[in-house]
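Enquirer: Here the protein sequences come in this chain order: A and B. For the first sequence, position 89 (counting from the first letter as 1) is numbered 89 according to the working numbering, and the numbering increases by one without interruption. Numbers in the working numbering are just positions in the second sequence, counted from 1, shifted up by 246.
Number of protein chains: 2
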Amino acid sequence: MPDQIIASLLHRLCQHSALSSREERALARLHPRFAEVTRGTDLVRQGDRPDVSIFLLRGMLARYHTLVEGDRQYLALHIAGDLPDLQSLFLGVMDHSLVALDAVQIAYFQHDQLCRLVEEEPRVAMALWRQTLIDAAIFREAITNVGLRKPVERLAHVLCEQFARARAAKICEGESCSFPLTQTQLGQLLAMSLVSVSRAMARLRRDRSVDVRDGRLTVLDWKKLQARARFDPSYLHLELRAARGR
Amino acid sequence: MPDQIIASLLHRLCQHSALSSREERALARLHPRFAEVTRGTDLVRQGDRPDVSIFLLRGMLARYHTLVEGDRQYLALHIAGDLPDLQSLFLGVMDHSLVALDAVQIAYFQHDQLCRLVEEEPRVAMALWRQTLIDAAIFREAITNVGLRKPVERLAHVLCEQFARARAAKICEGESCSFPLTQTQLGQLLAMSLVSVSRAMARLRRDRSVDVRDGRLTVLDWKKLQARARFDPSYLHLELRAARGR
DNA sequence: CGGCACGTTGAAGTGACTCAATTCGCGTGG
DNA sequence: CCACGCGAATTGAGTCACTTCAACGTGCCG
Chain A
1 MPDQIIASLL HRLCQHSALS SREERALARL HPRFAEVTRG TDLVRQGDRP DVSIFLLRGM
61 LARYHTLVEG DRQYLALHIA GDLPDLQSLF LGVMDHSLVA LDAVQIAYFQ HDQLCRLVEE
121 EPRVAMALWR QTLIDAAIFR EAITNVGLRK PVERLAHVLC EQFARARAAK ICEGESCSFP
181 LTQTQLGQLL AMSLVSVSRA MARLRRDRSV DVRDGRLTVL DWKKLQARAR FDPSYLHLEL
241 RAARGR
Chain B
247 MPDQIIASLL HRLCQHSALS SREERALARL HPRFAEVTRG TDLVRQGDRP DVSIFLLRGM
307 LARYHTLVEG DRQYLALHIA GDLPDLQSLF LGVMDHSLVA LDAVQIAYFQ HDQLCRLVEE
367 EPRVAMALWR QTLIDAAIFR EAITNVGLRK PVERLAHVLC EQFARARAAK ICEGESCSFP
427 LTQTQLGQLL AMSLVSVSRA MARLRRDRSV DVRDGRLTVL DWKKLQARAR FDPSYLHLEL
487 RAARGR
């Protein structure tokens, strides 16, 4: 199992960063711990000081902020291959929480091991760093999404983003991928009410561009969906994967 | 002048990360290029592939997205000591632009020099990485700000954030700091109309919690402002500075 | 003096929100 | 077996906060 985990991580990092066999071996010296958690479980909470970082093997996680009043804002969605709280390696205190959106499988990497790794293997450090930079680019796009786009466009945009990322992660099945969010959660991600989400969704369905049901997202007409969202995937920096680093 | 620049950079990094004299010397081997640019100048544009990263010495910069329709969304503000496009070191293509909000002084660091530096000096790499992670935390808070908070609260929140950061950067004068944004720009930062900004500002002024005029922000009653914004500075990760890294 | 950028204020319009009722599917338990 | 409760989604109706539109004031600069 640990070998499997390391192989997945290596695969992910190699999509954008070139790593030598020396660095592969260094990765293989890590000792991840495997775990499964159920839908709705908080993996880390705002205010925690984790001593591990999570590598998501299967399922979907979300980061979120909670205000004192209890309102929730989802910040990002994470799929297999992501490292959703890698930043906790260098930022002691969690400024947000991490929750499982369905049944997930994860691996824990000890911070002290990661720290040693990045100190000894600069190329690995650069690969992990790059990963967090892509996360940041996605955060930026989220600001624009809630700030500038209208409800239907906004919904279409996240759906585009998720599908594009799922495809890059090779976890699509044909034209569909897992998407376990309820409309309430979607509302808290997109800063719109449940009712608006429902109507926007109906609109996209009626246009026959996309369908979301039973926890799956199915793209009916990618061109149409992309046009509706004005989705430009460059911020996902997937081209790095093709180019294999700089 | 270059020495001055390196000293500033070192100072900033040392606020959250411990660096030895060896690493100091490595930093000193960099050859920054100095430049001044006027208000409104774009330093980098969406789509560019910069081969330098910017260190902001004086003044204020902003990152922004532009949609095809031309609408603009400001993503982040940057003050002296920030490295507003450090991510371009590892993400080839810029997914956003960078503009000067007033007359600014900057230093350019060549990517190839930075690359060599982070490859040879892991502690420096970690310090720079941490810097980008703090930026990401600020992006996350921006999502919540536009997504969840009401206009007055939202405005109060950015003002709190900017003042707190200015104070940490030691560029306050008493209870005031530079804040050169027009209300139109504030609107594009906060995803609200110019009119709403004006009214929200009037409200805060009337409450005697803060005043913004002539490009300066003056805090009249920090407690009141902070309460209004429900501002919790932990996401700025300033405590790292006190603790000097992990 | 005129033009322009910026900010303020009033008034009108509207899009998204809240509230509410209904349906559907699912699991539990009488 | 069916009744019931619950979570989720849909749909209609009314309200309201923020937007847009517009007029005006102010300060600055050519």
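Heads up, the beta-carbon is just placed ideally off N, CA and C, and yes, glycines get one too. These numbers come from a predicted model, not from an experiment.
Going by alpha carbons, who is nearest to Val364 (chain B) out of B:Tyr320, B:Ala253, B:Arg275?
Expert: Of the listed residues, the one whose Cα sits closest to Val364 (chain B) is B:Arg275.
Enquirer: From which residue to which residue does the alpha helix (DSSP H) around Cys260 (chain B) run?
Expert: From DSSP, the alpha helix (DSSP H) with Cys260 (chain B) extends over 248-260.
Enquirer: Interface residues of chain A around Val350 (chain B) at Cβ under 9 angstroms?
Expert: Those do not exist, as Val350 (chain B) stays about 21 angstroms from chain A at its closest Cβ, beyond 9 angstroms.
Enquirer: Can you pull out the residues from the stretch 103-137 of chain A whose beta carbon lies closer than 8 angstroms to at least one beta carbon of chain B?
Expert: The stretch 103-137 of chain A vs chain B, Cβ under 8 angstroms: Val118, Glu119, Glu120, Pro122, Arg123, Ala125, Met126, Trp129, Arg130, Thr132, Leu133, Ile134, Asp135, Ala136, Ala137.
Enquirer: Can you list, in chain order, the residues of its chain whose CB lies under 7 angstroms from that of Arg395 (chain B), leaving out five sequence neighbours each side?
Expert: These residues qualify, in order along the chain: His403.
Enquirer: Secondary structure at Leu390 (chain B), three-state DSSP: helix, strand or coil?
Expert: The sequence shown places Thr at residue 390 (chain B), rather than the Leu named in the question. Helix.
Enquirer: Can you give me the Cβ contacts of Ser193 (chain A) inside the same chain, cut-off strictly under 8 angstroms, excluding the 5 residues immediately before and after it?
Expert: Excluding residues within five positions, the ones whose Cβ falls inside 8 angstroms are Gly187.
Enquirer: Just to confirm the assignment: which complete beta strand (DSSP E) runs, minimum length 3, are found wholly within the stretch 63-91 of chain A?
Expert: Counting only runs of 3 or more, we get 72-78.
Enquirer: In the structure shown, what three-state DSSP assignment does Leu486 (chain B) receive?
Expert: It is helical.
Enquirer: Please say whether Glu485 (chain B) and Glu367 (chain B) have beta carbons closer to each other than 7 angstroms?
Expert: Not closer than 7 angstroms, so no.
Enquirer: Out of A:Met94, A:Leu98, A:Gln226, point me to the one whose CA is closest to Tyr328 (chain A)'s CA.
Expert: Only positions 1 to 246 of chain A appear in the structure, and residue 328 (chain A) is not among them; the question remains open.
Enquirer: Report back the beta-carbon spacing between Met340 (chain B) and Pro296 (chain B) to the nearest angstrom; my notes put them in contact at under 8 angstroms.
Expert: Going by Cβ atoms, the distance from Met340 (chain B) to Pro296 (chain B) rounds to 7 angstroms, so yes, they are a contact pair.
Enquirer: What residues of chain A sit near Ala410 (chain B), judged by a beta carbon separation below 7 angstroms?
Expert: Per Cβ cutoff of 7 angstroms: no residues; Ala410 (chain B) is ~14 angstroms from chain A at best.
Enquirer: Which chain B residues sit within Cβ distance under 7 angstroms of Val251 (chain A)?
Expert: Residue 251 (chain A) is absent from the model: chain A starts at 1 and stops at 246.
Enquirer: Just verifying my parser: in three-state terms, what is the DSSP assignment at Ala100 (chain A)?
Expert: Note: Ala100 (chain A) maps to strand in three-state DSSP.
Enquirer: Is the Cβ of Phe477 (chain B) closer than 7 angstroms to any Cβ of chain A?
Expert: For Phe477 (chain B), the answer is no, since every Cβ of chain A falls outside 7 angstroms of its Cβ.
Enquirer: In the structure shown, what three-state DSSP assignment does Ile171 (chain A) receive?
Expert: Residue state, collapsed to three classes: coil.
Enquirer: Taking Val314 (chain B) as the query, report the chain A residues whose CB atoms sit under 9 angstroms from its CB, ordered along the chain.
Expert: Chain A residues near Val314 (chain B): Arg230, Asp232.
Enquirer: Is Asp358 (chain B) helix, strand or coil when you go by DSSP?
Expert: Looking at Asp358 (chain B) - three-state DSSP - the assignment turns out to be helix.
Enquirer: Does DSSP put Arg228 (chain A) in a helix, in a strand, or in coil?
Expert: Helix, per DSSP.
Enquirer: Considering only residues of the same chain and omitting the five flanking positions on each side of Gln113 (chain A), which have a CB-CB separation below 7 angstroms?
Expert: Correct list, in chain order: Leu30, His31.
Enquirer: Ignore the nearest five residues each way along the sequence and tell me which others in Asp102 (chain A)'s own chain have a CB closer than 6 angstroms to its CB.
Expert: Cβ neighbours of Asp102 (chain A) beyond the five flanking positions: Arg39, Gly59, Met60, Pro180.
Enquirer: I'd like to check one pair, Val392 (chain B) with Asp331 (chain B): are the Cβ atoms closer than 7 angstroms?
Expert: Against a cut-off of 7 angstroms, the Cβ pair of Val392 (chain B) and Asp331 (chain B) comes out as no contact.
Enquirer: For Leu56 (chain A), which beta-bridge partners are listed by DSSP?
Expert: For Leu56 (chain A), which the question treats as bridged, DSSP gives the partners A:Ile106.
Enquirer: Is the beta carbon of Ser263 (chain B) closer than 7 angstroms to that of Arg376 (chain B)?
Expert: Going by C-beta atoms, Arg376 (chain B) is nearer than 7 angstroms to Ser263 (chain B).
Enquirer: Would you say the beta carbon of Ser176 (chain A) comes nearer than 6 angstroms to a heavy atom of the ligand HEM?
Expert: Ligands in the displayed structure: none, and consequently the ligand HEM is not present.
Enquirer: Could you tell me the distance, in whole angstroms, from the CA atom of Thr430 (chain B) to the CA atom of Gln333 (chain B)?
Expert: Approximately 27 angstroms, taken between the alpha carbons.
Enquirer: Step through the CB atoms of chain A and report whether any lies within less than 7 angstroms of the CB of Phe385 (chain B).
Expert: True, the Cβ-Cβ gap to chain A drops below 7 angstroms.
Enquirer: Within 10 angstroms of the Cβ of Ile251 (chain B), are there 16 or more other Cβ atoms? Answer buried if so, exposed if not.
Expert: It counts as buried.
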